[in-house]
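Have a look at the structure below before the remarks.
Protein chains: 2
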Amino acid sequence: MAAAHNYDVVGLGNAIVDVIATSTDDFLVRESLAKGGMALIDESRAHQLYASMGPATLSSGGSAANTIVGLASFGARTAFIGKVRNDELGAAFSHDIRAAGVHFGTPVSTKGPATARCLVLVTPDGERTMNTYLGACQHLTSDDVDPAIIAASNVVYLEGYLWDPPEAKKAFVKAADIAHGAGRQVALSLSDAFCVDRYRDEFLKLIRDRVVDIVFANEHELKSLYQTADFDTAVSAFRDEVVLGVVTRSEQGSIVVTREQTVSAPAASIENLVDTTGAGDLFAAGFLAGLARGLEYRDCARLGALAAAEVIQHVGARPLRNLADLAAEAGFGA
Amino acid sequence: MAAAHNYDVVGLGNAIVDVIATSTDDFLVRESLAKGGMALIDESRAHQLYASMGPATLSSGGSAANTIVGLASFGARTAFIGKVRNDELGAAFSHDIRAAGVHFGTPVSTKGPATARCLVLVTPDGERTMNTYLGACQHLTSDDVDPAIIAASNVVYLEGYLWDPPEAKKAFVKAADIAHGAGRQVALSLSDAFCVDRYRDEFLKLIRDRVVDIVFANEHELKSLYQTADFDTAVSAFRDEVVLGVVTRSEQGSIVVTREQTVSAPAASIENLVDTTGAGDLFAAGFLAGLARGLEYRDCARLGALAAAEVIQHVGARPLRNLADLAAEAGFGA
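If you read the sequences in order, they're chains G and B. For the first sequence, our numbering assigns the number 2 to the initial residue and increments by one for each residue that follows. For the second sequence, our numbering assigns the number 2 to the initial residue and increments by one for each residue that follows.
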């Protein structure tokens with residue numbers, strides 16, 4: 002049992018290093034990559050695609066990990082659970098998340114596949130197309146879920162991508178059980194429209210069985226969840242669930258839906274769209290930072306927009322500026 | 002013997018991956034780091050400093066390697082000689098330089114120290130402070146200098162930093178000998194004022210024995226070479242050497258000095274200084290690209306300024322934009 006520190010949020014997710022290169026649309030077509038999505042690839046495909054892509058920078062990523070680092074940058078107390086191997090990329094991931102002030106103590110795997118990597122291709126329009134080799138993430142099991150950390154965290158944040166590595170969903174369910182047993186809240190990010198397509202029934206069951214209390218989705222994921230092309234239909238179905246729903250719509254801002262109310266907030270203005278990687282992750286970070294500060298939903302959404310705007314104006318999915326400072330500049334007290 | 006391709010420039014240098022983090026001036030003081038310089042560190046210090054620095058991105062670097070990649074981006078035909086290990090950072094370095102279009106065939110070391118890394122701390126003013134663990138670079142020997150590639154290259158570009166790993170200077174001298182035997186030119190970058198301080202007499206001997214034909218230096222390096230605090234005194238001494246001398250002066254532009262003439266060129270204007278890492282390397286790339294195109298010195302210096310301006314406006318020492326396109330936009334034909 003770890004010491005009972007208190008955390009605002011603990012994240013559980015795939016521990017991934019992003020390998021980011023610029024790309025043309027032609028390259029995506031030639032490599033049969035679905036623009037804007039996240040595809041799972043095996044090791045040989047990872048090698049082949051890496052060999053054909055351009056010069057890259059390496060930067061820690063992983064959806065929930067990005068959110069947790071964003072929260073830490075807002076000054077929240079955070080922890081992360083995820084699996085890397087004892088290789089150089091694993092060392093980089095571990096360094097980066099700890100250097101951001103996040104507690105990270107998941108045992109490192111010493112055999113088997115290498116630390117996960119996501120080959121991210123950024124097209125001139127700033128859109129990112131992701132190709133993930135899960136590697137060591139496949140060794141995350143429910144044994145890695147430290148009950149003391151979960152019980153000591155106000156919110157457990159889980160990424161839908163955890164449904165991809167077979168063992169991780171058990172870790173997810175265990176974490177949710179412990180959290181609810183301790184009177185905590187459970188948040189889920191739907192991660193990606195293709196991910197929703199793979200696990201729609203299970204995600205709906207998580208929501209309807211009240212395994213999750215807060216759900217983050219973008220417009221595409223929400224439409225996929227309810228298998229509709231009409232946004233209003235999807236929002237209407239979402240409103241009927243007993244959750245706090247948060248829906249992001251890129252430059253159209255976001256809406257927060259509960260059975261009782263619908264609140265909308267604008268996107269933050271940006272000067273230069275460089276790389277959308279991490280936009281949704283950082284929105285969730287800002288929103289949860291707002292909840293941790295006891296703000297109203299509209300202000301939570303504004304903090305989310307602020308964090309998303311920071312991360313899409315540079316390469317990489319982790320904030321380069323201190324988000325607490327940005328929030329203060331935007332008129333939010335600490 | 003490799004096939005006798007023709008290259009505009011072959012570079013010989015330390016093959017390094019940059020580990021780049023933002024830093025405060027206070028951190029530099031606390032860690033006793035000389036701002037703006039390059040310090041050599043051993044493995045244990047590399048681990049200690051890495052553990053104490055902030056979240057980082059990994060990006061291929063190495064002074065001569067940056068120059069060669071810049072040249073490739075200008076459309077020049079290039080090759081690189083340098084030593085990595087068969088580890089993940091070595092794979093990243095090799096991928097990045099080949100993906101940039103550079104021929105890179107130096108045998109990879111399979112034992113001994115890991116691929117070299119440079120811990121780069123970027124302060125809010127954009128200045129970088131570098132801490133290099135040479136690792137596998139210490140295994141670069143004259144056996145790695147492929148005579149066919151050297152003889153097939155119009156210019157051999159050598160970094161002064163090669164004087165740090167004990168065996169590499171022999172590789173340097175061998176490459177210069179082969180180049181001159183084949184009627185080629187040899188260029189040297191003085192690398193760093195501290196590096197000049199370590200090897201002043203040897204560098205002056207290289208120049209005066211005509212082992213090198215072209216010398217790149219910044220203002221600080223030139224002053225260190227001639228042990229004077231007065232720039233004009235240093236330039237005057239430089240002019241007396243039988244070399245083509247190229248001196249960069251940050252925002253004050255650059256000057257080209259020979260016995261016969263002194264030509265100056267302005268710096269290129271920038272919007273945002275983000276990270277000066279690679280500024281000198283990319284200036285050399287533009288200058289040599291100009292020479293390869295048969296341009297006059299002033300235009301060579303303008304191409305150098307253009308490339309330096311690109312690289313200091315983002316994190317990392319390799320160009321993110323295609324430099325041939327930038328040159329064309331600035332009115333230089335291909």
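No residue lacks a Cβ here, since even glycine has one placed at the ideal position from N, Cα and C.
I'd like the span of the alpha helix (DSSP H) that includes Cys-119(B), first residue to last.
As a position in the second sequence, residue 119(B) is number 118, starting the count at 1. No alpha helix (DSSP H) holds Cys-119(B); the beta strand (DSSP E) holding it covers 117 to 123.
Using C-beta distances below 7 Å, list every residue in its chain close to Lys-112(B), excluding the 5 sequence neighbours before and after it, in chain order.
Taking the second sequence and counting its residues from 1, one reaches residue 112(B) at position 111. Counting only Cβ-Cβ distances below 7 Å, and skipping sequence neighbours, we find nothing.
In chain order, what residues of the region 63 to 92 of chain B put their CB closer than 9 Å to some CB of chain G?
Those would be Val-70, Asp-88, Glu-89, Leu-90 and Ala-92, in chain order.
Along the beta strand (DSSP E) that carries Asp-22(G), what are the first and last residues, could you check?
In the first sequence, residue 22(G) corresponds to position 21, counting from 1. As written in the sequence, residue 22(G) is Ala, which differs from the Asp given in the question. Its beta strand (DSSP E) spans residues 17 to 23.
The beta strand (DSSP E) that contains Phe-81(B), what's its start and end?
As a position in the second sequence, residue 81(B) is number 80, starting the count at 1. Its beta strand (DSSP E) spans residues 79 to 82.
Check this for me: beta carbons of Gly-14(G) and Ser-64(G), under 9 Å apart or not?
Along the first sequence, one-based indexing puts residue 14(G) at 13. Along the first sequence, one-based indexing puts residue 64(G) at 63. In contact: Gly-14(G) and Ser-64(G) (Cβ atoms closer than 9 Å).
Excluding sequence positions up to five away, which residues of its chain have a Cβ less than 7 Å from the Cβ of Thr-23(B)?
Translated into positions along the second sequence, residue 23(B) becomes position 22. Cβ neighbours of Thr-23(B) beyond the five flanking positions: Gly-55 and Val-123.
Excluding the 5 residues preceding and the 5 following Arg-201(G) in the sequence, name in chain order all residues of the same chain whose CB lies nearer than 8 Å to its CB.
One-based indexing of the first sequence puts residue 201(G) at position 200. Correct list, in chain order: Ser-225, Leu-226 and Gln-228.
If you check the beta carbons only, do Ala-218(B) and Leu-72(B) fall under 9 Å apart?
The sequence position of residue 218(B) within the second sequence is 217, counting from 1. The sequence position of residue 72(B) within the second sequence is 71, counting from 1. No, the Cβ-Cβ distance between Ala-218(B) and Leu-72(B) is not below 9 Å.
Going along chain B in order, which residues have a C-beta closer than 8 Å to the C-beta of Ala-137(G)?
The count along the first sequence starts at 1 and reaches residue 137(G) at position 136. Those within 8 Å of Ala-137(G) in chain B number zero; the least Cβ separation is about 13 Å.
Compare the C-alpha of Ala-269(B) against each of Thr-263(B), Arg-303(B), Arg-322(B) and Ala-101(B) and name the closest.
Here residue 269(B) refers to the residue found at position 268 when the second sequence is read from its first residue. Of Thr-263(B), Arg-303(B), Arg-322(B) and Ala-101(B), the residue nearest in Cα terms is Arg-303(B).
By how many angstroms is the C-alpha of Ser-110(G) removed from the C-alpha of Ser-53(G)?
As a working mapping, residue 53(G) is identified with position 52 in the first sequence. As a working mapping, residue 110(G) is identified with position 109 in the first sequence. Each residue's Cα considered, the two are about 29 Å apart.
Helix, strand or coil for Val-156(B) per DSSP?
Taking the first residue of the second sequence as position 1, residue 156(B) is located at position 155. Strand.
Within the present structure, is the beta-carbon of Phe-28(B) separated from the nearest heavy atom of the ligand SAM by less than 8 Å?
The ligand SAM is absent from the structure shown, which contains no ligand whatsoever.
I'd like the span of the beta strand (DSSP E) that includes Val-264(G), first residue to last.
To locate residue 264(G), count along the first sequence from 1; it is residue 263. Element bounds for Val-264(G): 263 to 266.
Grouping DSSP H, G and I as helix and E and B as strand, with all else coil, what is Leu-324(B)?
Taking the second sequence and counting its residues from 1, one reaches residue 324(B) at position 323. Helix, per DSSP.
Buried or exposed for Ser-237(B), going by 16 or more other Cβ atoms inside 10 Å?
Here the question's residue 237(B) lines up with position 236 in the second sequence. So Ser-237(B) counts as exposed.
Which chain B residues are close to Ala-101(G), counting only those with a beta carbon under 8 Å from its beta carbon?
Taking the first sequence and counting its residues from 1, the one referred to as residue 101(G) is at position 100. Within chain B, the residues near Ala-101(G) are Gly-55 and Pro-56.
Taking three-plus beta-carbon pairs below 8 Å as touching, is the region 321 to 334 of chain G in contact with the region 133 to 142 of chain B?
Cβ pair count under 8 Å is below three, so no.
Taking Cβ-Cβ distances shorter than 8 Å, what residues in chain G pair up with Asp-97(B)?
Taking the first residue of the second sequence as position 1, residue 97(B) is located at position 96. The answer, in chain order, is Pro-56 and Ala-57.
In or out: Asp-214(B) buried (at least 16 other Cβ within 10 Å) or exposed?
Position 213 of the second sequence holds residue 214(B). Classification for Asp-214(B): buried.
What are the partner residues of Val-258(B), as DSSP defines its beta bridges?
In the second sequence, counting from the first residue as 1, residue 258(B) sits at position 257. Partner(s): Gly-246(B) and Thr-263(B).
For His-315(B), would you say it is in contact with chain G, using Cβ-to-Cβ distances shorter than 9 Å as the test?
Counted from its first residue, the second sequence places residue 315(B) at position 314. Chain G, which has a Cβ nearer than 9 Å to the Cβ of His-315(B), makes this yes.
Pull up the DSSP beta-bridge partners for Phe-217(G), would you.
Translated into positions along the first sequence, residue 217(G) becomes position 216. Answer is Ser-190(G) and Val-247(G).
Does the region 241 to 260 of chain G touch the region 28 to 44 of chain G, meaning 3 or more C-beta pairs lie closer than 8 Å?
No, because fewer than three Cβ pairs between the region 28 to 44 of chain G and the region 241 to 260 of chain G fall closer than 8 Å, the two stretches do not touch.
Starting from His-104(B), follow its DSSP beta bridges and name the residues at the other end.
What you label residue 104(B) is simply residue 103 of the second sequence in a count that begins at 1. Partner(s): Ala-80(B).
I'd like to confirm the pairing. Which residues does DSSP put opposite Gly-12(B) in its beta bridges?
Walking along the second sequence from the start, residue 12(B) turns up at place 11. Bridge partners of Gly-12(B): Phe-81(B) and Tyr-158(B).
So which of Phe-105(B), Val-121(B), Arg-86(B) and Val-187(B) has the shortest CA-CA distance to Val-244(B)?
Mapped onto the second sequence, residue 244(B) falls at position 243. Checked all of Phe-105(B), Val-121(B), Arg-86(B) and Val-187(B); the closest Cα to Val-244(B) is Val-187(B).
So that I know if they touch, is there some Cβ in chain B lying closer than 9 Å to that of Trp-321(G)?
In the first sequence, counting from the first residue as 1, residue 321(G) sits at position 320. Residue identity check: residue 321(G) is Leu in the sequence provided, not Trp. So yes, Leu-321(G) belongs to the interface.
Pick helix, strand or coil for Leu-34(G), following the three-state DSSP scheme.
In the first sequence, the residue the question calls residue 34(G) occupies position 33. Of the three classes helix, strand and coil, the one that applies to Leu-34(G) here is coil, per DSSP.
Since Gly-161(G) and Leu-205(G) are thought to touch, with beta carbons under 8 Å apart, how far apart are those beta carbons, to the nearest angstrom?
As a first step, residue 161(G) is located in the first sequence; it is residue number 160 there, counting from the start. As a first step, residue 205(G) is located in the first sequence; it is residue number 204 there, counting from the start. Contact doesn't hold; Cβ gap of about 12 Å is too wide.
List the endpoints of the continuous beta strand (DSSP E) containing Ser-61(B).
What you label residue 61(B) is simply residue 60 of the second sequence in a count that begins at 1. Residues 58 to 61.
Since Tyr-298(B) is in the alpha helix (DSSP H), which residue starts that stretch and which ends it?
The count along the second sequence starts at 1 and reaches residue 298(B) at position 297. That run of the alpha helix (DSSP H) goes 298 to 312.
Within this structure, are the beta carbons of Pro-267(G) and Ser-74(G) separated by less than 9 Å?
Within the first sequence, the letter at position 266 stands for residue 267(G). Within the first sequence, the letter at position 73 stands for residue 74(G). For Pro-267(G) and Ser-74(G), no; Cβs fall outside 9 Å.
Between Phe-239(G) and Val-257(G), how many whole angstroms is the CB-CB distance? I'm expecting something under 8 Å.
Taking the first sequence and counting its residues from 1, one reaches residue 239(G) at position 238. Taking the first sequence and counting its residues from 1, one reaches residue 257(G) at position 256. Not confirmed; about 11 Å, so no contact.
Determine the closest residue to Leu-223(G) out of Thr-107(G), Pro-167(G) and Leu-189(G), with distance taken between C-alpha atoms.
Walking along the first sequence from the start, residue 223(G) turns up at place 222. Comparing Cα-Cα distances from Leu-223(G) to each of Thr-107(G), Pro-167(G) and Leu-189(G), the minimum goes to Leu-189(G).
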